[in-house]
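**Q**
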Amino acid sequence: MGAVMTNRQTAVAVDEDAQYLTFMLGGEMFAIGILGIKEIIEYGSLTVVPMMPAFVRGVINLRGAVVPVVDLSARFGRANSAITRRSCVIIIEASTEDGQPQDIGLLVDTVSAVREIPATQIEPPPNFGARIRADFISGMAKVDGKFVIVLEVDRVLSIDEMSSLAEAGQAPALDLDPR
């Protein structure tokens, strides 16, 4: 189906705790499972790739490998992230449907901490009220009395969807003005 599959277990037993990396994005806290995370690097210069969707900020050279960097804020339909000295790129080791490994960088405002969150503290995703697509959310975790949005990384990084958005960005704009 073209979805990127992270190298992590997607099912968690009801009594099992899992570790998550928490990070800030636009004033909200998000989390992703640590099993798919390869490393965290500070934001450096990117090479912009023409005709890509706005959420693909560019590519970086990571020890000789070309790694695309996705701006999560823009991917969620918000404005591009403002780059600050605390901006980070989370490198996720993913594999395509055909099993080929692919590293993808996620640009975030700041990385917070690795937290162990009991499965009992994760509620199902809401049907409304979230400012990102519901299929991007795997659950809402309760951490220190606040909600943390647990992302469904496979959905956020869907290759089919990102490819179709890139193709749409390459199509010439229609001139609807008859003048």
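Position 121 (the sequence shown) corresponds to 121 in full-length UniProt numbering; numbering is contiguous.
The beta-carbon is built from N, C-alpha and C at its ideal position, and this holds for glycine as well.
1. How about Cys88 and Ile40: are their beta carbons less than 7 angstroms apart?
2. What three-state label does DSSP hand Val150 in the structure shown?
3. Taking Arg115 as part of the alpha helix (DSSP H), name the residues at either end of that continuous run.
4. Within 10 Å of its beta-carbon, does Pro50 have 16 or more other beta-carbons around it, so buried, or fewer, so exposed?
5. Work out the CA separation of Gly145 and Leu25 for me, nearest whole Å.
6. If you drop the 5 nearest sequence neighbours on each side, which residues of the same chain put their C-beta closer than 8 angstroms to that of Asp17?
7. Taking all protein chains shown into account, do 16 or more other C-beta atoms lie within 10 angstroms of the C-beta of Gly105, making it buried, or fewer, making it exposed?
8. Starting from Met133, trace the beta strand (DSSP E) in both directions and tell me its first and last residue.
9. Assuming Lys74 is part of the beta strand (DSSP E), what are its boundary residues?
10. Flag Ala65 as yes if its beta-carbon sits less than 7 angstroms from any beta-carbon of chain C, otherwise no.
**A** Taking the structure as given:
1. yes
2. strand
3. Arg115 -> not in any alpha helix (DSSP H); beta strand (DSSP E) instead, spanning Thr110 to Pro118.
4. exposed
5. 19 angstroms
6. Glu116, Ile117, Pro118 and Ala119
7. buried
8. Going by the sequence as given, residue 133 is Arg instead of Met. Per DSSP, Arg133 belongs to no beta strand (DSSP E) and is neither H nor E.
9. Reading off the sequence, residue 74 comes out as Ala, not Lys. Element bounds for Ala74: not the beta strand (DSSP E) but the alpha helix (DSSP H), Leu72 to Arg75.
10. Protein chains in the displayed structure number just one, and chain C is not present.
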